[in-house]
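This report refers to the structure that appears directly beneath it.
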Amino acid sequence: MMDKEPNNLELKAALLLGLFVALVAATVLYILYARGSFEATQRLVLVADDSEGVRVGMDMTFSGFPIGRVRRIELAPDGAARIVIDVPVRDAKWLRESSVFTLSRSLVGGAALKAYSGVLSDPPLADGAERRVLVGDATAELPRLVSDARELIGNLTRLTAADSPLAASLANVQTITGRGTGARGASGMVLGEADAKQIGAALQRVNSLLARIDGMAAKADAQVLGPQGLVNESKAGVAQLNALLGDARQTLKKVDALLAEAQGVAGNVRGATNDLDALRGEVDATVRKVEQLVDEVNRKWPFQRDTELKLK
Amino acid sequence: MMLGMSPLTSPQGALAALARSFAQWLAGWGRTVQLAALLSALALSPSSYRADSRRALARHLYLGTAQALPWFTLLSLLIAIVVIRIVLVTSHSYGLSQYALEMVVRVLVLELIPLAAAMVAALRCTIPMAAEVAALRSGGGWDALAAQGRDPLRAEVLPRAVAGSFCTLMLAAVSSVVALVVAYLSVYGFTSAGFTAYTHTVGRVFSPAVSLIFVLKIVLLGLTVALMPIASVLDAVPRRRANTSAELQGLVRMLVLMVIIEAASLVGNYA
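Which chain is which? The protein sequence lines are P and F, in order. The first sequence begins at 1 in this note's numbering and counts up by one. The second sequence begins at 1001 in this note's numbering and counts up by one.
In structure tokens, the structure reads:
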């Protein structure tokens, strides 16, 4: 195995050792990085009634992307399961105050923790926030689903049985449609044979009645619209009425002129009344002047009357 | 002996023989553990790494590892490609592609590669080294060293044991990295787009407990592979020709220990 002695043995051995140390150190650093040891995280606590299926280290996803990792699962004093999740700070922006968290257990594979943020403009979720997690369990739904399905199948079986109401109804429909294809057609299907005959007779009578009504309509037409019809006579009446209206208009015009003249007479009377007012004013002024003149004459005249009243 | 009532044919005699063989088996394990402790103490003491010992150590270290490293890396690359391809195609056909990468990392890196590295290190490095020690003892070199005042355990056995352990660790480290790279390239191709998702998956697989069990497993496998063949030849009575039964016994003990370590790691990881 070791027949010949290679050169620089110690150097080569040191290189091998160095390669080993470098590989181990790089792997350790990579795994620490992968575990998220070099990034700041914030804490989120999800409270569930049952933490079955949740494992330490499993992901919490948002839109299919892992944004958090389960750090610890603990039992709260009230018996609920507290799932403590580390969310890197750079991914925490996807979690908002209004975010909803679900824990779903599928038939194949483990449970899945998912976050949904409907309104991304809401305030961001605080560090250490505590939220209820909604549990959706596919296997828990199975028994109910099976019982529902059994009930449904029972109903279907009853419906499709030979003596079921549905089968009887279908037989009736078949009978009715069979009559529909007979000599009387749809009327034979809806009514009986005798009734269908009566309907036929009634239809014939209605036809003859319609023919008579047609003749009556033609006569009425002639009487109304014919040469001696109502419409023509009405036209002559309207012409006479027009002439009468023209005479009435002339008469009214004359009355109009009469009224205008009466209005002029009334205006003149009003002017005369005004003149009478002025005249009366002038007469009043003259009478007063005459009165003053008489008073003056009386005072200055030897026939003066003592008009003063004296207390004795 | 065949005609009379020999001690072996009586129930008491059979029981005594059974007890004797059990005591021998137990004493053999005891001596192995004692040798392992002695070699570990020597390996940890700085006086074992003086200039002359260091040269012997470097020689065994390089020659033991450098021979096995290239072809084992190539072999692990091919096996990794085949296994990863099988896992990917199978998981895709069952609609479980999201679990494929995690399964590849777990099956290859955590389970198959450490075991394969230990087996190859044993076959290519430590078993031939044990044969050299046996030859040294049968050839009188052992006594000659003792007569010179040098401790043959420190001069001849310790470098081989350290080199054997190192060979296991080195092969496991290189092939693990190769398997991780091949897994990435098989799933995502030659692009850096999947690096974040891949890193996340690797981080999920290598939880602290799993990482601890992984490291412990590789170290224990390395020690087993390095010590058991040498311990078995040192335990046997030195003979002129090769002691085949002692080598086989050492091989069986080594395999039993490896299976126990693997089983314990599986229990630790998945139980």
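Heads up, the beta-carbon is just placed ideally off N, CA and C, and yes, glycines get one too.
Less than 8 Å divides the Cβ of ALA1117 (chain F) from the Cβ of LEU1171 (chain F). Check the Cα spacing between LEU1266 (chain F) and each of F:LEU1257, F:VAL1210 and F:PHE1022: the tightest is with F:VAL1210. Annotation note: the segment 1100-1132 of chain F contains the following uninterrupted alpha helix (DSSP H) runs of length 4 or greater, listed N- to C-terminal: 1100-1104 and 1113-1121.
Taking C-beta atoms as the reference points, ALA115 (chain P) and TRP94 (chain P) count as a pair closer than 8 Å. The same chain holds no residue with a CB closer than 6 Å to that of GLY1141 (chain F) once the five nearest residues on each side in sequence are set aside. In the structure shown, GLU233 (chain P) adopts helical secondary structure according to DSSP, grouped into three states. No Cβ-Cβ contact shorter than 8 Å links VAL84 (chain P) with ARG55 (chain P). The beta-carbon of GLY57 (chain P) is placed less than 8 Å from the nearest beta-carbon of chain F. Looking from the CA of PHE1072 (chain F), the closest CA among F:ILE1084, F:ALA1179 and F:VAL1256 belongs to F:ALA1179.
Annotated as distal: VAL70 (chain P) and GLY79 (chain P), with beta-carbon spacing of 8 Å or more.
By the criterion of at least three beta-carbon pairs nearer than 8 Å, the segment 1244-1254 of chain F is not in contact with the segment 1145-1154 of chain F.
With a contact defined as Cβ atoms closer than 8 Å, LEU15 (chain P) and VAL1174 (chain F) miss out at about 13 Å.
In terms of Cβ geometry, PHE1206 (chain F) and ILE31 (chain P) form a close pair [threshold 8 Å].
With 16 or more neighbouring CB atoms inside 10 Å of its own CB, LYS1217 (chain F) falls in the buried class. Counting only Cβ-Cβ distances below 7 Å, VAL1177 (chain F) has contacts in chain P at LEU23 and THR27, in chain order. In this structure, VAL135 (chain P) lies near ALA48 (chain P), with their beta-carbon atoms less than 8 Å apart. Taking 8 Å as the Cβ-Cβ cut-off, the segment 28-50 of chain P approaches chain F at TYR30, ILE31, TYR33, ALA34, ARG35 and GLY36, given in chain order.
Going by DSSP, MET60 (chain P) is part of the beta strand (DSSP E) stretching over 59-62.
Neighbours of LYS12 (chain P) across chain F, judged by C-beta separation under 8 Å: ALA1058, TYR1062 and ALA1066.
Judged by DSSP in its simplified three-state form, ASP78 (chain P) adopts coil rather than helix or strand.
In the three-state DSSP reduction, THR1191 (chain F) falls in the coil class, being neither helix nor strand. Taking a cut-off of 8 Å on C-beta distances, the segment 1040-1060 of chain F touches the segment 1159-1170 of chain F, as three or more cross pairs fall below it.
The bridge partners DSSP lists for ASP86 (chain P) are P:ARG43 and P:ARG69. The beta carbons of PHE1166 (chain F) and THR1032 (chain F) sit no closer together than 8 Å.
At the C-beta level, SER1076 (chain F) and ILE1113 (chain F) come within 8 Å of one another. Using a Cβ distance threshold of 8 Å, ILE73 (chain P) and VAL87 (chain P) do not count as a contacting pair. When only Cα atoms are considered, LYS235 (chain P) and LYS197 (chain P) end up about 53 Å apart. Straight-line measurement puts the Cα of ALA243 (chain P) at about 19 Å from the Cα of VAL231 (chain P). Secondary structure at GLY136 (chain P): strand, using DSSP grouped into helix, strand and coil.
The C-beta distance from VAL1181 (chain F) to LEU1101 (chain F) rounds to 13 Å, too long to meet the 8 Å contact threshold.
Separation of LEU1153 (chain F) and THR1224 (chain F) (C-alpha to C-alpha, rounded to the nearest whole angstrom) is 18 Å. Chain order gives the chain P residues near SER1207 (chain F) as GLY57, where near means a beta carbon separation below 7 Å. For the pair GLY36 (chain P) and ALA1197 (chain F), the Cα-to-Cα distance works out to about 13 Å. The Cβ atoms of LEU1035 (chain F) and LEU1234 (chain F) lie closer than 8 Å to each other.
Contact annotation: in the segment 59-73 of chain P, residues whose CB is within less than 8 Å of a CB in chain F are ASP59, PRO66 and ARG69. Restricting attention to F:VAL1215, F:LEU1185 and F:ALA1226, the CA atom closest to the CA of GLY1268 (chain F) is found in F:VAL1215.
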